[in-house]
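**Student:**
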Amino acid sequence: MKLKKWELALMFALAVTFLCGAALSKDQDNLSEKLIRLHVVANSDSDADQALKLKVRDKILSDITVLLNGVTDRDEAVGLINAHMDEIVADSKQVVTSEGYDYNVTGKIAVEEFPTREYDTFSLPAGKYTSLRVVIGAGAGHNWWCVIFPPLCTTAATSDAQTLKILTDDQVKLITKDKPEYVLKFKSIELLDKLKAFLKI
-8 MKLKKWELAL MFALAVTFLC GAALSKDQDN LSEKLIRLHV VANSDSDADQ
42 ALKLKVRDKI LSDITVLLNG VTDRDEAVGL INAHMDEIVA DSKQVVTSEG
92 YDYNVTGKIA VEEFPTREYD TFSLPAGKYT SLRVVIGAGA GHNWWCVIFP
142 PLCTTAATSD AQTLKILTDD QVKLITKDKP EYVLKFKSIE LLDKLKAFLK
192 I
């Protein structure tokens, strides 16, 4: 069957898209294997619950900074977090209680899908990442996330000694490039994944 010109053009465009996307997805996969993200979900979107979420976040970041100090292996970091999960949850619950609330708090290591995200000093492509997921109460409010391993939430992304031992030079450059095209590349990964899902590839 003879294809029309527009059909050939569409097939070519799709082929180029998937070839370029494959390279970008590989970069994302390699990066995600090095990171652990923190995902804190608020009880609701009320001002009080959102403020509480940030206080819980601060306590978790404080605990994790001490717990993972000097750790350069992602699997070791996951193991330490799991081993101290009860303490992390208890400390989070204590913050909730001290603020006058009776919300339950749960915590677990999970693999979650994250959108492209721009922070003050770095950006991360969309994709699946290992995360420490902490849910406050009903977990029906807006969430907060960042990177706790390496500690990109609490240190300078490009200069911290621990970060430089965990990520390659190319990976550090990839997430800290201050150019619009890098964010566009990250967005393209997100769009490609949505296209694949739509086409069921």
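What the sequence shown shows, in this note's numbering, is residues -8 to 192, in sequence order. Beta carbons are placed, not taken as given, at the ideal position from N, Cα and C, and that holds for glycine. Quantities reported herein were computed from a predicted structural model and do not represent experimental measurements.
1. Would you mind stating whether D36 and G132 have Cβ atoms separated by less than 8 Å?
2. Can you confirm whether the segment 49 to 65 touches the segment 74 to 88 when touching is taken to mean that 3 or more C-beta pairs between the two stretches lie within less than 8 Å?
3. If I127 sits next to L26, beta carbons under 8 Å apart, how far is it from one beta carbon to the other, in whole angstroms?
4. Using a threshold of 8 Å, state whether the C-beta atoms of V102 and K84 are closer than that.
5. Return yes when the Cβ of K50 is within less than 8 Å of the Cβ of V86, no when it is not.
6. Can you look up P171 in the DSSP assignment and give me helix, strand or coil?
7. Taking only three categories from DSSP, how would you classify A101?
8. Rounded C-beta distance between T167 and T112? I'm assuming under 8 Å.
**Tutor:** Inspection of the coordinates gives the following:
1. yes
2. yes
3. No, I127 and L26 are not in contact; Cβ-Cβ is about 23 Å, not under 8 Å.
4. no
5. yes
6. Since pLDDT at P171 reaches only 48, below the 50 mark, its modelled position is unreliable, and the value read off the structure follows with that caveat. Three-state DSSP puts P171 in a helix.
7. strand
8. 7 Å
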